[in-house]
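Here the protein sequences come in this chain order: H and V.
Count along the first sequence starting at 1, add 452, and that's the number in this note's numbering.
Count along the second sequence starting at 1, add 87, and that's the number in this note's numbering.
The beta carbon of each residue, even a glycine, is placed where N, CA and C say it ideally should be.
Here's the structure, in structure tokens; my notes come after.
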Amino acid sequence: MRVLNMVQAINEALDLALARDERVLVFGEDVGRLGGVFRVTEGLQAKYGEGRVFDTPLAESGILGLAIGLAMGGMRPVAEIQFAGFLYPALDQILSHLGRWRHRSRGRVGLPVVVRAPYGGGVHTPEQHADSPEALLAHTPGVKVVIPSSPDRAKGLLLSAIEDEDPVFFLEAIKLYRGARAEVPEGYYTLPLGKARVLKEGKAATLIGYGGMVEVMLEAAEVARKEGVEVMVVDLETLVPLDEETLLEAVRETGRAIVVYEAMRTGGFGAEIAARIAEGAIDYLQAPVLRVAGYDAPYPPFSAIEHLYRPNARRVLAALRKALTY
Amino acid sequence: MKPKVVQYLEEGEFPLAEEEALRLYRAMRRARFFDEKALTLQRQGRLGVYAPFMGQEAAQVGVALALEAKDWVVPSYRESALLLARGLPIHTLILYWRAHPAGWRFPEGVRAVNPYIPIATQIPQAVGLALAGRYRGENWVVATSIGDGGTSEGDFHEGLNFAAVFGAPVVFLVQNNGYAISVPRSKQMRVDYIARRAEGYGMPGVVVDGNDAFAVYLEAKKAVERARKGEGPTLLEALTYRLAPHTTSDDPSRYRSKEEEEAWRAKDPILRLRKALEGRGLWDEEAERALLLELEEEFQRELALADEAPEPRPEEIVEHVYKEMGPDQKRAWEALRRGLHVEEVG
Numbered sequence: 453m454r455v456l457n458m459v460q461a462i463n464e465a466l467d468l469a470l471a472r473d474e475r476v477l478v479f480g481e482d483v484g485r486l487g488g489v490f491r492v493t494e495g496l497q498a499k500y501g502e503g504r505v506f507d508t509p510l511a512e513s514g515i516l517g518l519a520i521g522l523a524m525g526g527m528r529p530v531a532e533i534q535f536a537g538f539l540y541p542a543l544d545q546i547l548s549h550l551g552r553w554r555h556r557s558r559g560r561v562g563l564p565v566v567v568r569a570p571y572g573g574g575v576h577t578p579e580q581h582a583d584s585p586e587a588l589l590a591h592t593p594g595v596k597v598v599i600p601s602s603p604d605r606a607k608g609l610l611l612s613a614i615e616d617e618d619p620v621f622f623l624e625a626i627k628l629y630r631g632a633r634a635e636v637p638e639g640y641y642t643l644p645l646g647k648a649r650v651l652k653e654g655k656a657a658t659l660i661g662y663g664g665m666v667e668v669m670l671e672a673a674e675v676a677r678k679e680g681v682e683v684m685v686v687d688l689e690t691l692v693p694l695d696e697e698t699l700l701e702a703v704r705e706t707g708r709a710i711v712v713y714e715a716m717r718t719g720g721f722g723a724e725i726a727a728r729i730a731e732g733a734i735d736y737l738q739a740p741v742l743r744v745a746g747y748d749a750p751y752p753p754f755s756a757i758e759h760l761y762r763p764n765a766r767r768v769l770a771a772l773r774k775a776l777t778y
Numbered sequence: 088m089k090p091k092v093v094q095y096l097e098e099g100e101f102p103l104a105e106e107e108a109l110r111l112y113r114a115m116r117r118a119r120f121f122d123e124k125a126l127t128l129q130r131q132g133r134l135g136v137y138a139p140f141m142g143q144e145a146a147q148v149g150v151a152l153a154l155e156a157k158d159w160v161v162p163s164y165r166e167s168a169l170l171l172a173r174g175l176p177i178h179t180l181i182l183y184w185r186a187h188p189a190g191w192r193f194p195e196g197v198r199a200v201n202p203y204i205p206i207a208t209q210i211p212q213a214v215g216l217a218l219a220g221r222y223r224g225e226n227w228v229v230a231t232s233i234g235d236g237g238t239s240e241g242d243f244h245e246g247l248n249f250a251a252v253f254g255a256p257v258v259f260l261v262q263n264n265g266y267a268i269s270v271p272r273s274k275q276m277r278v279d280y281i282a283r284r285a286e287g288y289g290m291p292g293v294v295v296d297g298n299d300a301f302a303v304y305l306e307a308k309k310a311v312e313r314a315r316k317g318e319g320p321t322l323l324e325a326l327t328y329r330l331a332p333h334t335t336s337d338d339p340s341r342y343r344s345k346e347e348e349e350a351w352r353a354k355d356p357i358l359r360l361r362k363a364l365e366g367r368g369l370w371d372e373e374a375e376r377a378l379l380l381e382l383e384e385e386f387q388r389e390l391a392l393a394d395e396a397p398e399p400r401p402e403e404i405v406e407h408v409y410k411e412m413g414p415d416q417k418r419a420w421e422a423l424r425r426g427l428h429v430e431e432v433g
């Protein structure tokens, strides 16, 4: 099978979706002629024309509003926001509208919108380019949040997101765009939203994370394994709807849980995971649920200290030691 | 140079077919009737907070009647006249203002998008909806409506720019009623006519006497026709006045004078149109009485329908959040259905 990186896999998914369904439109800032700042939409405008793959004026709220209206009118928009940290100007459209239409219209108007946005750090970007706003989105009723961790998963999950009748935020870890490579099946396939995956079995503790943190957890697990400690690794993949069953099962088996996320610690999605574990698996816990996360400060734009903010295997291992010796 | 304010009634002109003029009048009178009834119902505690539109009937009905059945309206929250003229049943509108779930699901045949509270966010949405019609080859036009205060929001500007860039078939109705709750237009912007902004986005801007039903209707028709022909959006500024409070919770005596209100009352769009109709021998006291009787009967019928709507079920709280309930909604739904809270179920 071919090995692709994340950019190629997502591009292939968009290509297949555009070919399969005439209602699918791809738009955003620079996605047309340039092919996106990360080249995720490369070649799509040439293939499908300016009607279906188009550049918009530089206005995020306008892009989200446009997507909402297009979906109301029966289209299936796939909007790109250039960086997840640029979602903020569009929050009113997201919180007040995108997530509410189905409920507001009591089922008459559903919005099958996909919003793709690169997120996360590790690649020395300027301010705002490395933000991880998934908790903000997950806190919005009516939207789904999907964060793939590998190219093969990204392709199938994105195609599911485009087929989904509800709005889906599809966050793509910038570090994985060219850093992650995997065998990606040819052709059209979908992977179910709302399912977590156990990537690695182990009895000592459970590491839980998603997106760009999956490779960090796997690296930590590998180091631990060499030291004779087998840990379980869970990739949540979909934050909303959350696969609580798989999550709790994985924690009950080990009795120790460490949640890893690169957003700011307070109120981050890891806090939600910790709370769910406390509600659903407290009797199994042999140590408090620990969080390895970004610090309570904006993500540092300075590459010299960025690596200190973003969780790495060393920090995960420190938390693991703490949990094991509690 | 000041833009020309389009007027017909002031000049005593009668540029419409008689039947068309009567249709406008009946729809405006029906809307006013609803507005008065809604205020009464609110005072009786039979409606929630309500936003009256009294005084703005010509602006809303004029645009609504300029549309075809396949067209869409994307209103703001003060646009009950627009919705009624578009065919939204009265009982649905009553239930809407009662915040009853059944009132929030507009009937399939009514091409109107639910109004909502945030300001100006509907503007880029209307542009998207208009483009969807073009993609689908249905060539529908979208009329969207906003107040003068709403034009200060960023989304207004983003939406107008998008519409112009994409040549979207949209009619932007600005109901310039002089106030953003209590803040007068003069403290809201440094431009005399909002329609002037149109040029800055690359679309025509038209100012009409918003209390002149002929002016609104005819200019709206032109804008709709332009949109339908693929010539892009139009900004239509209707100069008007809200005769009633911002909402039933508002006290306009704190920010505007009795004299000002009286002066605008004299320009009541319904009285002005009625005078024109009477001048042509098309209307009289008897016709008015017959119409009011008809409206009263209709309203009572519709109110009874609204009153008969069953109480909302507790579990409706978590219905329609997603097409299929997720595990969290399902858990809450089960609990609510059994009269419990989620915490009691575990």
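Near chain H, meaning a CB-to-CB distance below 8 Å, the residues of the segment 241 to 271 of chain V are G241, D242, E245, G246, N248, F249 and V252. The beta carbon of P162 (chain V) sits no closer than 7 Å to any beta carbon of chain H. Taken through DSSP and simplified to helix, strand or coil, Y571 (chain H) comes out as strand.
Residues of chain H whose Cβ lies closer than 8 Å to the Cβ of R192 (chain V) are, in chain order, S557, R558, G559 and R560.
For Y662 (chain H), no beta strand (DSSP E) segment is defined, and its DSSP state is neither H nor E. The beta carbon of R633 (chain H) lies closer than 6 Å to those of V455 and N457 in the same chain, with the five residues before and after it left out. A straight line joining the alpha-carbon of R315 (chain V) with that of L628 (chain H) spans about 46 Å.
Per DSSP, reduced to three states, the secondary structure at R221 (chain V) is helical. Per DSSP, the continuous alpha helix (DSSP H) segment holding F721 (chain H) begins and ends at F721 to A733. P339 (chain V) carries a helical assignment under DSSP once its states are collapsed to helix, strand and coil. Taking the Cα of A199 (chain V) as reference, the smallest distance to any Cα among V:L175, V:L109, V:E384 and V:Y222 is reached at V:L175. Scanning its chain for C-beta atoms nearer than 7 Å, with the 5 sequence neighbours on each side dropped, one finds around E240 (chain V) the residues I206 and A207, in chain order. Sequence-distant Cβ neighbours of V565 (chain H) in its own chain, meaning closer than 6 Å and more than five residues away, are A519, A523, P529 and P619. Under the 8 Å Cβ criterion, the segment 541 to 554 of chain H does not count as touching the segment 568 to 576 of chain H, having fewer than three qualifying pairs.
Listed along chain V are H407, V408, Y409 and K410, each with a C-beta nearer than 9 Å to that of R554 (chain H). Taking the beta carbon of L518 (chain H) as reference, the chain V residues within 8 Å of it are P211, Q212, V214, G215, L218 and F249, listed in sequence order. As for any beta strand (DSSP E) of minimum length 3 sitting wholly inside the segment 301 to 359 of chain V, the runs are 321 to 326, ordered along the chain. For V595 (chain H), the CB contacts under 8 Å within the same chain, skipping 5 residues up- and downstream, are I546, L550, G551, L589, D618, P619, V620, F621 and V692 in chain order. Per DSSP, D507 (chain H) lies in no alpha helix (DSSP H) segment; the continuous beta strand (DSSP E) that holds it begins and ends at V505 to D507. At least one CB atom of chain V sits nearer than 7 Å to the CB of D618 (chain H).
In its chain, beyond the 5 residues on either side, L651, K652 and V685 have a beta carbon closer than 8 Å to the beta carbon of L670 (chain H). Counting only Cβ-Cβ distances below 9 Å, T321 (chain V) has no contacts in chain H at all, with the closest Cβ about 18 Å away.
As DSSP reads the structure, F101 (chain V) sits in no beta bridge.
When the beta-carbon positions are compared, P763 (chain H) and V712 (chain H) come within less than 7 Å of each other. Look at K596 (chain H) here: in three-state DSSP terms it is strand.
With 16 or more neighbouring CB atoms inside 10 Å of its own CB, Q147 (chain V) falls in the buried class.
Excluding residues up to 5 positions away in sequence, H178, I181 and L182 lie with their Cβ nearer than 6 Å to the Cβ of A393 (chain V) in the same chain.
Rounded to the nearest whole angstrom, the CA to CA distance from G488 (chain H) to A756 (chain H) is 27 Å. Along the segment 363 to 426 of chain V, the alpha helix (DSSP H) occurs as fully enclosed runs of 4 or more residues at 372 to 395 and 414 to 424, listed in sequence order. For E714 (chain H), the enclosing beta strand (DSSP E) starts and ends at A709 to M716.
In this structure, DSSP gives R361 (chain V) a helical state, which the three-state scheme calls helix. Contact annotation for S548 (chain H) against chain V: Y203, I204, P205 and T208 [CB-CB distance below 9 Å, chain order]. In the displayed model, E240 (chain V) falls within coil according to three-state DSSP, outside both helix and strand. Contact note: G413 (chain V) reaches chain H through K596, G646, V692, P693 and L694, using a C-beta cutoff of 9 Å and chain order. Of the residues assessed, R173 (chain V) falls on the buried side of the cut-off, its CB having 16 or more other CB atoms within 10 angstroms. Closest in C-alpha terms to A374 (chain V), from the list V:V92, V:Y95 and V:L109, comes V:L109.
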